[in-house]
Amino acid sequence: MDVSFWNNRYAVAGHVYGEAPNAFVAEVAPQIPAGPVLCLAEGEGRNAVHLATLGHRVTAVDQSEVGLAKARRLAKARGVEIETLATDLADYAIKAGAWAGIIATFAHLPPDLRRRVHREVVAGLQPGGVFILEAYTPAQLAFDTGGPRSPGLLMTLAALRDELSGLELLMGRELERDVTEGGGHAGRGAVVQILARRNE
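Shown next, in the form of structure tokens:
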């Protein structure tokens with residue numbers, strides 16, 4: 007799933023994963039303190055734009071310029087501004103102590119890169135800042151409703167607890183839920199959800 011894959015996917019009319027924010031992000035967004043927010047692997051901008059409407063200064067990072075162009079158009083349509091940065095997360099360093107919130111929904115990375123990114127997430131939050139994550143678990147392989155088919159790209163709560171050591175886990179759960187996010191995620195899904203806070 008390289009940049010050409012995502013550019014092609016996002017080149018279709020409409021938003022592949024819908025224009026509404028991820029349901030879990032919308033649920034817990036009030037937990038984000040005032041300040042700048044970083045959205046990782048943000049694609050077409052649904053979460054970034056929602057958070058901008060709540061008053062946050064938002065930076066959306068994704069490798070697909072096609073997706074980010076749609077994110078900027080969505081922001082304009084909603085009367086807000088977001089900053090976008092087209093780069094692979096393998097080439098992006100999260101600035102330490104810079105963010106009131108960091109968001110990653112369905113950002114399925116190779117394990118070594120994921121662990122590095124999550125270390126940078128822990129360091130990147132300001133004191134009191136929160137990290138919000140939703141991703142598919144290995145149980146998702148039993149469904150045909152979205153997500154990668156490689157088990158190594160899927161996440162478990164146990165692994166995330168370890169990778170996010172240094173954050174207080176305010177919410178951590180694995181569950182099945184109906185995921186309705188455009189045509190890209192549609193139907194029953196097996197997910198892990200994380201809300202974690204940096205206290206120091």
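Residue 7 is where the sequence shown starts when you use the working numbering, and the numbers rise one by one after that.
Here a beta-carbon is modelled for each residue, glycine too, at the ideal position from N, C-alpha and C.
* For Pro144, which residues from the same chain have a beta carbon less than 6 Å from its beta carbon, with the 5 sequence-adjacent residues on both sides left out? -> Pro157, Leu160
* To do: Report yes if the CB atom of Val72 is closer than 8 Å to the CB atom of Tyr16, and no otherwise.
  => yes
* In or out: Glu169 buried (at least 16 other Cβ within 10 Å) or exposed? -> buried
* To do: Enumerate in chain order the residues of its own chain whose CB-to-CB distance from Pro117 is below 7 Å, with the five nearest sequence positions on each side excluded.
  => Gly158
* Tell me, please, whether the segment 97-115 touches the segment 73-80 by the rule of three or more beta-carbon pairs shorter than 8 Å. => no
* Identify which residue in Ile200, Gly153, Arg167, Gln199 has its Cα closest to the Cα of Gly193. => Gly153
* For Val64 and Leu91, the rounded distance between their alpha carbons -> 11 Å
* Asked: Based on the DSSP secondary-structure assignment, which residues constitute the bridge partners of Ile138?
  -> Ile109, Leu201
* To do: Indicate whether Arg84 and Thr59 have their beta-carbon atoms separated by less than 8 Å.
  => yes
* Exposure label - Glu87; buried when at least 16 CB within 10 Å -> exposed
* To do: Round the Cβ separation of Asn53 and Asn28 to the nearest angstrom and send it over; I've been treating them as touching at under 8 Å.
  => 6 Å
* Pick helix, strand or coil for Gln37, following the three-state DSSP scheme. => helix
* Contact check, Ala196 vs Gln132 under 8 Å by CB: the rounded distance? -> Ala196 to Gln132, Cβ: 32 Å. No contact.
* Proximity winner among Val31, Val127, Ile38, relative to Val198 (alpha-carbon distances) -> Val31
* With C-beta atoms as the reference, is Gly260 less than 8 Å away from Ile109? -> This structure cannot speak to residue 260, because the chain is shown only from 7 to 206.
* Asked: Below 8 Å between beta carbons: does that hold for Leu175 and Ala202?
  -> yes
* **Where the beta strand (DSSP E) containing Gly178 begins and where it ends** => 174-187
* To do: Express the C-alpha separation of Ala141 and His124 in angstroms, rounding to a whole number.
  => 13 Å
* Out of Ala40, Leu173, Leu46, Gln69, point me to the one whose CA is closest to Ser10's CA. => Gln69
* **Cβ-Cβ distance between Val127 and Thr93 below 8 Å** => no
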